[in-house]
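Here this note's numbering is used: the first residue of the sequence shown is 6, the next is one more, and so on.
These notes concern the structure reproduced below.
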Amino acid sequence: MADAASPLRPLRIAIIGDRGIPARYSGFSTLVEELAVGLVRSHSMDVTVYCRNQYYEARPPAWQGVRCRYLPAPGGKSFESIIHSNLALWDAAFRRFDLVFVVDPGNGPFILPLRALGVPVVIHTDGLGWQRRKWNDLQQTYYKWSEWVSARLATWLVTDSRAMQAYYDREYGADSTYIPYGGAVGEAPDIDALAHYGVTPGAYYLVVARMEPENNVDHIIREYRASGVTKPLIVVGSVPYDSAYARAVAAEHDGQVRCVGGVFDSAALNALYRHCAAYLHGHEVGGTNPSLLRAMHWGAPCVPIDVIFHRENVGPDNVYFSKDDGALATILRDLDPDPLRRAALGRAAQAHAAAHFRWDAVIDGYAGLFRQLVALKASGRRPTGALIGETYRPDLLAPAKVA
6 MADAASPLRP LRIAIIGDRG IPARYSGFST LVEELAVGLV RSHSMDVTVY
56 CRNQYYEARP PAWQGVRCRY LPAPGGKSFE SIIHSNLALW DAAFRRFDLV
106 FVVDPGNGPF ILPLRALGVP VVIHTDGLGW QRRKWNDLQQ TYYKWSEWVS
156 ARLATWLVTD SRAMQAYYDR EYGADSTYIP YGGAVGEAPD IDALAHYGVT
206 PGAYYLVVAR MEPENNVDHI IREYRASGVT KPLIVVGSVP YDSAYARAVA
256 AEHDGQVRCV GGVFDSAALN ALYRHCAAYL HGHEVGGTNP SLLRAMHWGA
306 PCVPIDVIFH RENVGPDNVY FSKDDGALAT ILRDLDPDPL RRAALGRAAQ
356 AHAAAHFRWD AVIDGYAGLF RQLVALKASG RRPTGALIGE TYRPDLLAPA
406 KVA
């Protein structure tokens with residue numbers, strides 16, 4: 006069992022459920038990296054991140070002050086995450102952590118060893134993962150059930166959007182703490198990188214997405230072609246496994262639609278965000294999406310699909326597209342000859358990101374939440390919404406600089 010935290014030593018935190026650090030592939034990876042490093046640097050916590058062996062040829066014991074523990078993750082795209090998280094949770098049960106932070110409610114059913122030992126476990130709910138079209142009926146049923154289990158087994162939940170916070174309250178009667186992501190990721194944009202993709206500032210449209218059906222890249226490409234605009238469409242993204250959907254998107258590559266795969270140089274990717282004519286965002290399964298926040302941070306005019314999560318994050322006055330045939334094509338035809346309107350959309354998105362989606366506030370929010378939960382455990386009290394309160398307060402920090 007974890008010892009009661011002492012004021013004479015730092016809190017010992019484990020983070021489990023993603024590929025590890027440095028960040029690999031997903032928005033969760035970015036959260037894990039930013040949070041782990043921030044808790045060490047800004048809050049003097051002792052943080053361990055569990056990493057999946059196959060993603061790291063070099064396996065140093067620590068990275069930027071964060072301890073790294075490597076475990077195998079067999080099972081392919083369907084079982085890799087569950088197997089690795091299960092191994093990590095059992096391992097963590099014997100390492101005397103003060104608190105364990107688990108990303109993805111799909112891992113919720115495996116936290117029993119930690120809960121039996123009295124270790125506080127916080128689960129990040131992500132979005133509506135059971136709606137992902139890549140899952141078969143059995144997998145969708147499992148992920149929906151795992152939400153219910155997580156709501157009951159976890160010490161506490163974190164939701165990354167107000168809409169997801171309301172969803173867990175409505176569906177499961179579960180309190181949670183709202184903490185989103187930050188928009189600033191990686192290095193400053195390198196405008197020279199645009200030449201590699203054969204584009205110039207303001208003269209291309211952009212999609213950045215994992216190549217999975219619920220991100221609607223195929224729909225965006227069809228609407229782009231139907232619009233008749235002449236600026237090329239740069240499609241960034243991949244998946245780390247064989248996928249018929251990813252192959253179908255890649256087959257769209259030609260002079261107008263340029264499928265460039267993953268872009269892992271942050272300065273190059275940030276340049277693509279910053280200088281696009283508009284960023285087209287089709288993610289629809291819920292929660293706050295880090296790619297959208299990153300586009301907002303760099304001032305991209307954002308055109309997201311019309312779901313409640315994106316309206317929450319970009320604001321009610323932005324432009325959104327539905328999945329009706331011709332809806333996005335019409336928006337593109339309207340925006341393409343109007344650079345002043347596109348610039349205004351970009352400025353508004355950037356200002357909103359600077360005010361509401363900040364890593365310093367995210368890290369402070371998690372640190373405050375973790376300390377409260379450890380203190381409540383030591384006092385023998387159960388956490389409630391009234392006791393925890395709001396921990397994410399960007400309004401209390403100095404104004405962020407606009408990138």
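We treat Cβ as the ideally placed atom computed from N, Cα and C, and that holds for glycine.
Predicted, not measured: the structure shown is a model, and the values here were computed from it.
For Ala-19, the enclosing beta strand (DSSP E) covers residues 17-21. Listed in chain order, the non-local C-beta contacts of Tyr-173 below 7 Å within the same chain comprise Thr-130, Ala-156, Leu-162, Thr-164, Ala-179 and Ser-181, local neighbours out to five positions each way being set aside. By the neighbour-count definition (other C-beta atoms within 10 Å, threshold 16), Gly-80 is an exposed residue. It is roughly 41 Å from the alpha-carbon of Arg-279 to the alpha-carbon of Ala-97. Nearest in C-alpha terms to Glu-38, of all of Asn-58, Gly-70 and Pro-15, is Gly-70.
Within its own chain, the residues whose Cβ lies closer than 6 Å to the Cβ of Lys-382, once the five positions on either side in sequence are excluded, are Pro-125, listed in chain order.
The three-state secondary structure of Leu-122, taken from DSSP, is coil. In the structure shown, the three-state DSSP call for Ala-156 is helix. The shortest C-alpha to C-alpha distance from Arg-316 to any of Asp-329, Gly-304, Ala-332 and Leu-298 is the one to Leu-298. Taking 8 Å as the cut-off, the beta carbon of Ile-184 is found closer than this to the beta carbon of Tyr-397. Around Ala-300, the same chain offers Tyr-278, Tyr-284 and Cys-307 as residues with beta carbons nearer than 6 Å, after the five sequence neighbours per side are excluded.
In this structure, the straight-line span from the alpha carbon of Val-265 to that of Ala-272 is close to 16 Å. The beta carbon of Val-45 is closer than 8 Å to those of Asp-51, Val-52, Gln-69, Gly-70 and Val-71 in its chain, skipping five residues each way along the sequence. One Cα belongs to Arg-227, the other to Ile-87, and the distance between them is close to 35 Å. Under the three-state reduction of DSSP output, Ala-283 falls in the strand class. The stretch 251-262 makes contact with the stretch 227-237, as at least three CB pairs between them are under 8 Å. Within the stretch 247-317, the runs of alpha helix (DSSP H) that reach at least 4 residues and sit entirely inside it are, in chain order, 249-255, 271-280 and 295-302.
The beta carbon of Leu-392 lies closer than 8 Å to those of Gln-377, Leu-381 and Arg-386 in the same chain, with the five residues before and after it left out. When C-alpha distances from Ala-366 are compared across Gly-287, Phe-33 and Ser-47, the shortest belongs to Ser-47.
In this structure the stretch 318-333 does not lie against the stretch 192-203, because fewer than three pairs of beta carbons, one per stretch, are closer than 8 Å. Between Cys-56 and Gly-25, the C-beta spacing is below 8 Å.
Tyr-55 has Arg-74 as its beta-bridge partners, per DSSP.
Put simply, of Trp-364, Gly-207 and Phe-375 the residue whose alpha carbon is nearest the alpha carbon of Ala-403 is Trp-364.
Contact between Ile-368 and Leu-16 fails: their C-beta atoms lie close to 13 Å from each other, not under 8 Å. Excluding five sequence positions before and after Ala-332, the CB atoms of its chain that fall closer than 6 Å to its own CB belong to Phe-326, given in chain order.
Taking C-alpha positions only, Pro-295 is separated from Gly-242 by approximately 14 Å.
The criterion of a C-beta distance shorter than 8 Å is not satisfied by Ala-360 and Pro-309.
Selection Gln-170, Gly-292, Phe-269 and Ser-248 evaluated against Pro-194 yields Phe-269 as nearest (Cα-Cα). In this structure, the straight-line span from the alpha carbon of His-224 to that of Arg-338 is close to 16 Å. Collapsing the DSSP output to three states places Leu-381 in a helix. Contact between Val-234 and Asp-341 holds: CB atoms are separated by about 5 Å, below the 8 Å threshold. If the five residues before and after Gly-113 are omitted, its C-beta is found closer than 7 Å to the C-beta atoms of Ile-128, Ser-151, Val-154, Ser-155, Leu-158 and Ala-159, all from its own chain and listed in chain order.
By a beta-carbon distance limit of 8 Å, Tyr-186 contacts Leu-36. Their separation comes to about 6 Å. Around the Cβ of Val-54, a 10 Å sphere holds 16 or more other Cβ atoms; the residue is buried. Residue environment: Leu-119 is assigned as buried (16 or more neighbouring CB atoms within 10 Å of its CB, all protein chains considered).
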